[in-house]
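*Asks:*
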Amino acid sequence: MNFRAFIRLLEKQGDLVRINVPVDPDLEAGAITRRVYETRQSAPLFESLLNSNGFRILGAPAGMRSVPGREYSRVAAHFGLPETATPREILEKITRASCATPLDPVCLPTGPCKENIRKGADVDLTLFPVPRLHAEDGGKYFGTYGMHVVQSPDGQWDSWSVGRLMLRNKNTLVGPAMPQQHVGMIRDMWARQGLNTPWAMALGVPPAALAVAGMPLPAGVSEPGYVGALTGTPVEVVRCETSGLYVPASAEIIVEGEISFDEKAPEGPMGEYHGYSFPEGKSQPVFHVHAVTWRNQAILPVCVAGLPPEENHTIWGTMMSAQALSLMKENAMPVDMAWCSYEAASCWIVFSIDTQKLAKMKTTAEAFSHQIAHIFFRSHVGWLIPKVILVGNDIDITRIDQVVWAMATRSHPERDYFTYPSLPGIPLVPYLNPEEKQQGESVKSIVSCLFPEEFQGSHRARPASFSHSYPASVQSCVTENWSAYGFSDR
Ligand SMILES: Cc1cc2nc3c(=O)[nH]c(=O)nc-3n(C[C@H](O)[C@H](O)[C@H](O)COP(=O)(O)O)c2cc1C
Ligand SMILES: [Mn+2]
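Take a look at the structure:
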């Protein structure tokens with residue numbers, strides 16, 4: 347529940363590299379962080395950035411690790427789970443909170459995020475080492491791992507959400523606020539009254555808060571209460587200097603201001619979650635900054651978006667998986683696990699189907715897929731994901747090799763591929779054409795990798811493998827004698 351404690355934990359786990367040689371926030375820090383993701387190394391803490399005024403940067407806050415059995419440890423640390431936690435254990439912890447009572451934040455008189463305060467004409471965002479992350483980006487990105495804090499005009503809905511923000515000048519930022527995302531939805535509520543939206547961005551927040559801010563909970567559900575339910579502790583918050591919004595007290599940096607209801611400016615392009623950088627930027631809402639507060643030697647957390655795995659896959663993908671799993675369970679669908687394969691760059695989700703329960707439904711691949719499509723694609727989480735893959739629960743859907751095997755060997759090219767035209771969806775998906783992006787609508791798909799027999803509770807064939815093809819006695823004999831045969835441990 348505290349960003350500095352999270353960094354200490356990574357260090358204790360041997361998963362942090364303190365970089366004390368001078369590093370340029372212009373491209374060099376981004377390039378190092380990219381290489382860290384792609385080689386699955388420890389998170390870099392840049393402590394001697396050029397022209398940094400003592401500010402620091404943490405890269406790859408939720409990158410994957412290469413240590414066997416600990417691949418997910420940095421994600422697990424966001425939720426206070428052990429280094430060895432599996433994706434299934436991580437989802438169990440996140441989804442349990444959906445049935446729990448929300449635990450509202452507690453308000454403190456002050457907190458570390460108020461150690462330094464600059465207001466009005468003294469605001470200067472260029473004091474911070476705002477990194478240029480990819481050479482093709484349209485600017486420097488201040489917010490890639492922070493959360494927007496906004497509230498509906500009636501005060502009933504507190505929304506925390508992760509969204510990017512580009513530096514525009516010393517007191518304005520610019521970034522997307524799509525009307526389907528809650529920051530955009532709330533901005534529209536204020537704009538309808540001709541008002542700017544009171545807004546803050548909090549960076550270096552409790553890791554569980556950041557993760558929930560990246561979770562597509564339904565509209566009207568306040569993320570702060572969900573974070574409390576998830577961690578079992580209320581989030582400690584403090585009041586903003588210039589508005590009635592509340593932000594995490596221990597945050598590294600708080601930027602306060604308003605989202606303009608009408609003013610727009612060019613933003614982007616930026617290397618994005620799907621793994622590409624498109625040549626054009628877009629016109630996006632301007633965020634005016636009226637105050638900035640920060641901890642001493644503040645640390646700016648940074649996601650360098652692009653090829654998986656980075657935080658858009660490890661955090662966003664995990665949180666979408668959790669929300670989709672809760673949604674399927676609420677609708678009594680026989681789904682026992684959901685997983686946005688990190689390798690698929692948050693563009694598909696795999697559902698693990700409990701085939702015993704499936705057989706009781708007396709359904710078919712077509713009818714079952716239509717049922718899933720109806721529930722999923724119209725939901726807030728389903729708006730974000732264009733493709734669904736259904737797989738029997740003999741497959742571990744968090745293992746991409748097993749998912750590929752099931753897709754290749756179990757889906758009939760004619761009978762198991764279903765498409766659903768004219769559905770609303772996130773316009774950032776790379777294969778969409780300009781018209782589809784413009785309309786915000788396109789075709790979505792479901793691939794059923796369920797054998798016809800699985801709808802009747804039987805199996806066509808058994809996997810031919812070590813764990814399926816030998817009696818238990820032979821398996822244990824082989825494992826026990828493994829090194830005696832002359833093999834290494836694994
Ligand atoms: C590292 C990271 C970066 C993200 N960047 C954006 C972004 O720039 N724009 C966006 O709409 N969503 C972005 N997301 C996804 C949203 O945070 C996510 O869809 C979340 O559900 C939005 O909150 P909401 O459901 O309250 O609208 C990002 C998520 C993560 C984890
Ligand atoms: Mn929300």
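The numbering of the sequence shown is the working numbering, which starts it at 347 and goes up by one. Even glycine gets a Cβ: it sits at the ideal position worked out from N, Cα and C.
1. Would you check if the distance between the CB atom of Tyr622 and the CB atom of Pro654 is smaller than 9 Å?
2. Check whether the Cβ atoms of Trp506 and Val558 lie closer than 9 Å to each other.
3. Considering Cα atoms alone, identify which of Cys649, Ser568, Arg464 is closest to Gly509.
4. Would you give the residue range spanned by the beta strand (DSSP E) that Arg514 belongs to?
5. Excluding the 5 residues flanking Ala752 on each side, which residues of the same chain have their C-beta closer than 6 Å to its C-beta?
6. Per DSSP, which residues does Asp504 bridge with? Please list them.
7. Would Val369 and Ser394 qualify as a contact pair, given that the criterion is a beta-carbon distance under 9 Å?
8. Please classify Pro625 as buried or exposed, where buried requires at least 16 neighbouring CB atoms within 10 angstroms.
9. Report the rounded CA-to-CA distance for Thr755 versus Gly728, giving the unit in angstroms.
10. At a cut-off of 8 Å, is Glu569 close to ligand 2 when judged by its beta-carbon and the heavy atoms of the ligand?
11. Just checking my contact of His424 with Ala443 at CB under 8 Å: how many whole Å lie between their CB atoms?
12. Does Asn542 pass the burial test, meaning 16 or more other C-beta atoms within 10 Å, or should it be called exposed?
13. Assign Ala431 to one of two classes, buried (16 or more other C-beta atoms within 10 Å of its C-beta) or exposed (fewer than that).
14. CB Pro448 to CB Gly376, shorter than 9 Å?
15. What residues in its chain sit with their C-beta under 7 Å from that of Gly530, if we drop five residues either side in the sequence?
16. Does Asn658 pass the burial test, meaning 16 or more other C-beta atoms within 10 Å, or should it be called exposed?
17. Taking Asp534 as the reference, which of Val567, Pro631, Asp762 has the closest Cα?
18. With distances taken between CB atoms, is the gap from Met679 to Ile718 smaller than 9 Å?
19. Whole angstroms are fine: how far does the CA of Pro798 sit from the CA of Ser804?
20. Taking three-plus beta-carbon pairs below 8 Å as touching, is the region 452-472 in contact with the region 604-616?
21. Opposite Asp762 in the DSSP bridges: which residues?
22. Are there 16 or more other CB atoms within 10 angstroms of the CB of Cys445, so buried, or fewer, so exposed?
23. Excluding the 5 residues preceding and the 5 following Val638 in the sequence, name in chain order all residues of the same chain whose CB lies nearer than 6 Å to its CB.
24. Helix, strand or coil for Asn827? Go by DSSP, reduced to three states.
25. Rank Tyr816, Val495, Met410 by C-alpha distance to the C-alpha of His528 and give the top, closest one.
26. Please go through the same chain and pick out, in chain order, the residues whose beta-carbon is closer than 7 Å to the beta-carbon of Ile743, but skip the five residues on each side of it.
27. Please work out which residues of its chain come closer than 7 Å, Cβ to Cβ, to Tyr572, disregarding the five sequence neighbours upstream and downstream, and give them in chain order.
28. Which residue from Leu576, Leu454, Gln526 puts its Cα closest to that of Arg585?
29. Tell me, please, which residues DSSP counts as bridged to Gly547.
30. Should the region 610-618 be regarded as contacting the region 471-488, the criterion being three or more beta carbon pairs within less than 8 Å?
31. Just verifying my parser: in three-state terms, what is the DSSP assignment at Pro654?
32. May I ask whether a heavy atom of ligand 2 can be found less than 8 Å away from the beta carbon of Leu576?
33. Quick check: the Cα distance between Leu356 and Arg420, rounded to an integer number of angstroms?
34. Consult DSSP for Ala691 and reduce its assignment to one of helix, strand or coil.
*Replies:* Working from what's here:
1. no
2. yes
3. Cys649
4. 511-515
5. Val737, Ile741, Cys795
6. Gln497
7. yes
8. exposed
9. 26 Å
10. yes
11. His424 to Ala443, Cβ: 13 Å. No contact.
12. buried
13. buried
14. no
15. Ala523, Met524
16. buried
17. Pro631
18. yes
19. 9 Å
20. no
21. According to DSSP, Asp762 bridges with nothing at all.
22. exposed
23. Arg464, Val469, Val601
24. coil
25. Val495
26. Met683, Trp685, Val696, Ser698, Val737, Val749
27. Ala443, Pro448, Val558, Leu563
28. Leu454
29. Contrary to the premise, residue 547 reads as Met rather than Gly in this sequence. The partner list for Met547 (beta bridge, DSSP) reads His494, Val601.
30. yes
31. coil
32. no
33. 7 Å
34. coil
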